[in-house]
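Asks:
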Amino acid sequence: MAGKTQKLLSLLDGQPVIPVIKIKDVEKAVPLARALAAGGLRMIEITLRTPDALEAIRRIAGEVEHAVVGAGTVLNPKQFDEAAAAGSKFIVSPGLTDSLVSAAANSEVPLLPGAITPSEIMTALEAGIDVLKFFPAEQAGGTTFLRSLASPLASVRFCPTGGISALNAEEYLAVPNVVCVGGSWVAPDDAIRDRKWDVIESLAREARALKPV
Ligand code: 3PG
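Each residue of the sequence shown is one higher than the one before, starting from 20 at the first, in my numbering.
#1: Suppose contacts are defined by Cβ-Cβ distances below 8 Å. Is Val205 in contact with Cys178 by that definition?
#2: Say whether the segment 209 to 217 touches the segment 50 to 67, bearing in mind that this needs 3 or more beta-carbon pairs closer than 8 Å, one atom from each stretch.
#3: Under the assumption that Val111 contacts Ala90 (Cβ atoms under 8 Å), give the Cβ distance between them as a whole number of angstroms.
#4: Skipping 5 residues on each side, what residues in its chain have a beta carbon closer than 6 Å to that of Gly201?
#5: Decide if Pro171 is buried, meaning its Cβ has at least 16 other Cβ atoms within 10 Å, or exposed.
#6: Starting from the C-beta of Ser174, find all residues in its chain whose C-beta is less than 6 Å away, skip the five residues before and the five after it, and write them out in chain order.
#7: From which residue to which residue does the beta strand (DSSP E) around Phe177 run?
#8: Taking C-alpha atoms, which residue in Ala104, Ile183 and Arg78 lies nearest to Ala123?
#9: Between the alpha carbons of Leu229 and Pro195, how many angstroms are there, rounded?
#10: Can you give the beta carbon distance from Val235 to Lys108, rounded, assuming they're within the 8 Å contact cut?
#11: If you count every other CB in all the chains shown that lies within 10 Å of the CB of Ala48, and 16 or more means buried, which is it?
#12: Give me whichever residues DSSP pairs with Val39 in a beta bridge.
#13: Please tell me whether Gly114 and Pro132 are closer than 8 Å, where the distance is taken between their beta carbons.
#14: Thr180: beta carbon under 7 Å from a heavy atom of the ligand 3PG?
#15: Does any heavy atom of the ligand 3PG sit closer than 7 Å to the C-beta of Arg66?
#16: Along the chain, where does the alpha helix (DSSP H) that runs through Ser167 open and close?
#17: Which term fits Leu186, buried or exposed, when burial requires 16 or more other beta carbons within 10 angstroms of its beta carbon?
#18: Quick one: what does DSSP say Leu131 is sitting in, helix, strand or coil?
#19: Taking its Cβ as the centre, do 16 or more other Cβ atoms sit within 10 Å of Val93, making it buried, or is it exposed?
#20: Which same chain residues end up closer than 7 Å to Leu165 when comparing Cβ atoms and leaving out the 5 residues on each side of it in sequence?
#21: Nearest-angstrom Cα distance between Val232 and Arg224?
#22: DSSP beta-bridge partners for Val200?
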């Protein structure tokens with residue numbers, strides 16, 4: 020699994036923020052991915068929370084050369100396999116189950132599963148997964164909680180998501196066991212609806228420039 024951690028981190032390539040995206044209209048997927056990539060956010064997560072999500076992944080994977088598209092909100096092996104077949108380069112889940120871990124073990128596509136409690140994190144470590152989503156970050160205890168995990172669970176790095184925005188992202192990025200953050204603020208629903216690609220590109224550019232404080 021170490022190879023898959025490496026694969027995930029090399030896809031991330033130092034990007035501080037992964038946009039978490041909900042696509043309601045598949046026609047918006049390609050221009051949205053282009054705007055985010057133009058702003059410097061190549062790695063993007065399309066959540067499987069809408070009927071158009073898999074087709075959106077398929078189109079972005081096929082048409083947007085500079086994007087690194089993954090699937091989010093993957094809850095079971097069937098969704099894992101569908102997302103991988105659609106062209107997802109990585110797969111994100113809000114939690115960790117035995118069946119998802121098995122699906123990931125049989126695939127070349129790296130899994131970024133969610134874990135919060137020490138027991139969940141230890142279960143992930145036993146499965147060889149040491150980069151984890153931390154969701155819902157703000158509600159679960161935020162940066163204080165993450166810092167408390169650093170000493171006992173020193174080998175783990177987190178991608179916190181949930182309640183993160185331009186206002187608090189840098190505080191998260193300053194936590195030593197945080198590798199990146201995720202959030203929907205860079206691709207707001209209304210900007211997608213109104214095709215404001217310039218607005219999204221500039222939100223992406225600001226997010227790309229965020230630094231630990
Ligand atoms: C996720 O799935 O990571 C979250 O829904 C993103 O949370 P946010 O909308 O608060 O950024």
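Here a beta-carbon is modelled for each residue, glycine too, at the ideal position from N, C-alpha and C.
Replies: According to the structure shown:
#1: No, the Cβ-Cβ distance between Val205 and Cys178 is not below 8 Å.
#2: Touching, yes.
#3: About 7 Å separates the Cβ atoms of Val111 and Ala90, confirming a contact at the 8 Å cut-off.
#4: Non-local C-beta neighbours of Gly201 in its own chain, meaning closer than 6 Å and more than five positions away in sequence, comprise Ile37, Val39, Cys178 and Thr180, ordered along the chain.
#5: Exposed: under 16 other Cβ atoms inside 10 Å.
#6: Closer than 6 Å at Cβ, skipping near neighbours: Asp149.
#7: Arg176 to Pro179 is the span of the beta strand (DSSP E), which, as asked, contains Phe177.
#8: The shortest C-alpha separation from Ala123 is found at Ala104.
#9: Approximately 15 Å between the Cα atoms of the pair.
#10: Past the boundaries of the shown model lies residue 235; the chain is included only from 20 to 232, so the question cannot be answered.
#11: Burial call: buried.
#12: Residue pairing of Val39 in beta bridges, as defined by DSSP: Glu64.
#13: Contact: yes.
#14: Yes, since a heavy atom of the ligand 3PG falls inside the 7 Å radius drawn around the Cβ of Thr180.
#15: Note that residue 66 is Thr in the sequence shown, not Arg. At least one heavy atom of the ligand 3PG is nearer than 7 Å to the Cβ of Thr66, so yes.
#16: It spans Gly161 to Ala169 - the alpha helix (DSSP H) in which Ser167 sits, taken as one unbroken run.
#17: With fewer than 16 neighbouring CB atoms inside 10 Å of its own CB, Leu186 falls in the exposed class.
#18: Strand.
#19: Label assigned to Val93: buried.
#20: For Leu165, same chain residues with a beta-carbon under 7 Å away, outside a window of 5 residues either side, are Phe153, Phe177, Pro179, Val194, Asn196 and Val197 in chain order.
#21: Using only the alpha carbons, I get a separation of about 18 Å.
#22: Paired residues: Val36.
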